[in-house]
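A quick write-up on the structure given underneath.
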Amino acid sequence: MRRILCLIAGFCFLINIGWAEEARPLQEDVVVEAQVQRLSEELRCLVCQNQTLADSHAELAEDLRKEIRELAAKGMSDQAIIDYLVARYGDFVRYRPPLKSTTVLLWFGPFVLLLTGVAGLFVMLRRREKLAVESALSANEARKVSELLNKES
Amino acid sequence: MKRFLLPLVIFLVVVGFLGVGLNLDPREVPSPLVGKPAPAFNLPRLDDPEKKISNKDMLGQVWLFNVWASWCGACRDEHPVLVALSKSGAVPLYGMDYKDTRQEAQQWLDLGGNPYIASAMDADGRVGIDYGVYGVPETYVIDKAGVIAYKQIGPVTEEVLRNKILPLVKRLQAQ
């Protein structure tokens with residue numbers, strides 16, 4: 001009985017090894033596939049411009065995914081593949097534009113606007129503060145105040 | 154009066170920016186290939202798959218490289234302009250049939266006339282990727298040294314031809 005169990009266990013083990021060997025190329029594919037997925041979420045489909053390559057069903061997006069898969073299978077790094085596509089389609093193909101002289105306004109413009117707004121608000125508040133100058137009550141006003149206060153009590 | 158001046162100025166600046174933004178075409182993505190050598194290709198010819206056509210064949214002359222397809226709607230608008238251009242003989246026009254079948258492409262040329270000296274067949278769109286093609290039709294002006302001088306995205310209209318492409322071609326031919 002024990003011998004049979006051993007045999008079965010051994011057999012299962014052998015099958016496992018067989019599977020593992022078959023699965024190896026698949027394992028490589030998984031790495032490539034993950035890279036394709038990662039990159040196609042970083043890159044823009046130029047046909048439907050507000051979609052990533054991963055989202056888009058445009059034919060060009062399919063072609064580019066295929067291209068990326070082939071480049072990834074050759075072992076090119078993420079950066080090399082992005083550079084490859086930028087050389088052909090320009091920076092616009094990237095969803096995250098690089099920081100350079102032509103994109104400075106894009107990156108920092110919103111913060112400049114925010115700071116300008118805050119500065120403007122500050123200046124305005126300061127100005128209003130100055131407008132409300134404290135002044136002493138005139139004799140007439142003081143009399144009115146005390147009259148009102150006395151009436152209350 | 155003075156307190157209204159600043160908001161008015163800000164308003165006008167915003168209107169100015171929005172006005173410019175409205176008149177820009179977001180589909181026109183400036184190509185990084187302008188000013189760079191035209192990517193190499195060596196593709197079968199549409200009319201005779203046995204013969205090959207390469208960008209090197211055109212070295213030494215200014216030429217137009219028009220990417221087209223029989224399935225492309227805007228190419229229909231562009232086609233008569235190209236046929237007229239080819240008749241005028243102002244500049245040699247070569248085509249690239251992009252992701253198309255030979256039969257349909259040939260039919261399209263038989264129907265509308267063939268303005269091309271020759272067309273390359275880019276059946277799988279690989280050369281298209283090298284050229285950064287994303288919206289057919291696209292047209293490249295390539296100079297004598299094989300450098301891309303201009304890229305037209307979308308159909309070549311008579312206006313574009315008259316105002317941009319032909320003056321540029323003349324300048325490049327004089328070089």
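Each protein sequence line maps, in turn, to chains R and A. Those letters in the first sequence? Residues 1 to 153, per the numbering used here, in order. Those letters in the second sequence? Residues 154 to 328, per the numbering used here, in order. Glycine residues also receive a C-beta, built at the ideal position from the N, C-alpha and C atoms.
Looking only at its own chain, which residues have a Cβ that is under 7 Å from the Cβ of residue i, when we skip the five neighbours before and after it?
| i | result |
| --- | --- |
| residue 98 of chain R | 91 |
| residue 313 of chain A | 305 |
| residue 270 of chain A | 245, 246 and 247 |
| residue 107 of chain R | 99 |
Do residue i and residue j have their C-beta atoms closer together than 9 Å?
| i | j | result |
| --- | --- | --- |
| residue 305 of chain A | residue 244 of chain A | no |
| residue 191 of chain A | residue 176 of chain A | no |
| residue 275 of chain A | residue 196 of chain A | yes |
| residue 88 of chain R | residue 282 of chain A | yes |
| residue 81 of chain R | residue 35 of chain R | yes |
| residue 61 of chain R | residue 40 of chain R | yes |
| residue 294 of chain A | residue 189 of chain A | no |
| residue 159 of chain A | residue 284 of chain A | no |
| residue 32 of chain R | residue 287 of chain A | no |
| residue 67 of chain R | residue 252 of chain A | no |
| residue 55 of chain R | residue 45 of chain R | yes |
| residue 38 of chain R | residue 78 of chain R | yes |
| residue 297 of chain A | residue 260 of chain A | no |
Can you find the residues in the same chain that come closer than 6 Å, C-beta to C-beta, to residue i, ignoring five residues on each side of it along the sequence?
| i | result |
| --- | --- |
| residue 43 of chain R | 53 and 93 |
| residue 309 of chain A | 231, 234 and 292 |
| residue 103 of chain R | 97 |
| residue 239 of chain A | 246 and 268 |
Please look up how many angstroms separate the CB atoms of residue i and residue j, rounded, as I've assumed it's under 8 Å.
| i | j | result |
| --- | --- | --- |
| residue 323 of chain A | residue 303 of chain A | Between residue 303 of chain A and residue 323 of chain A the Cβ distance is about 13 Å, and since that is not below 8 Å, they are no contact. |
| residue 249 of chain A | residue 272 of chain A | 7 Å |
| residue 220 of chain A | residue 290 of chain A | 6 Å |
| residue 49 of chain R | residue 179 of chain A | 7 Å |
Can you tell me which residues form a DSSP beta bridge with residue i?
| i | result |
| --- | --- |
| residue 94 of chain R | R/43 |
| residue 219 of chain A | A/248 and A/292 |
| residue 69 of chain R | According to DSSP, which records beta bridges pairwise, residue 69 of chain R is partnered with nothing at all. |
| residue 303 of chain A | A/294 |
| residue 196 of chain A | A/206 |
| residue 275 of chain A | A/251 |
Considering only residues of the same chain and omitting the five flanking positions on each side of residue i, which have a CB-CB separation below 8 Å?
| i | result |
| --- | --- |
| residue 181 of chain A | 306 and 307 |
| residue 266 of chain A | 232 and 236 |
| residue 280 of chain A | 192, 194, 196, 249 and 273 |
| residue 205 of chain A | 195, 196, 197 and 198 |
Taking 9 Å as the CB-CB limit, is residue i close to chain C?
| i | result |
| --- | --- |
| residue 31 of chain R | Of the chains in the structure shown, none is chain C; the protein chains are R and A. |
* Asked: Going along the region 50-71 of chain R in order, which residues come within less than 8 Å of chain A, judged by CB to CB distance?
  -> 59, 60, 63, 64 and 67
* **Cβ-based contacts, 9 Å cut-off: residues of the region 86-98 of chain R near chain A** => 86, 87, 88, 89, 90, 91, 92 and 93
* To do: Give the residues from the region 276-291 of chain A that approach chain R closer than 9 Å (Cβ to any Cβ), ordered along the chain.
  => 277, 278, 279, 281, 282, 283, 284, 285, 286, 287 and 288
* Report the residues of the region 179-193 of chain A with a CB closer than 9 Å to any CB of chain R, ordered along the chain. => Against chain R - using a Cβ distance shorter than 9 Å - the residues of the region 179-193 of chain A are 179, 180, 182, 183, 184, 185, 186, 189 and 192.
* **Within 7 Å of chain A by C-beta, residues of the region 105-133 of chain R in sequence order** => Residues of the region 105-133 of chain R whose Cβ lies closer than 7 Å to any Cβ of chain A: none.
* Asked: Taking any Cβ of chain A, which residues in the region 132-146 of chain R have a Cβ under 8 Å from it, in chain order?
  -> none
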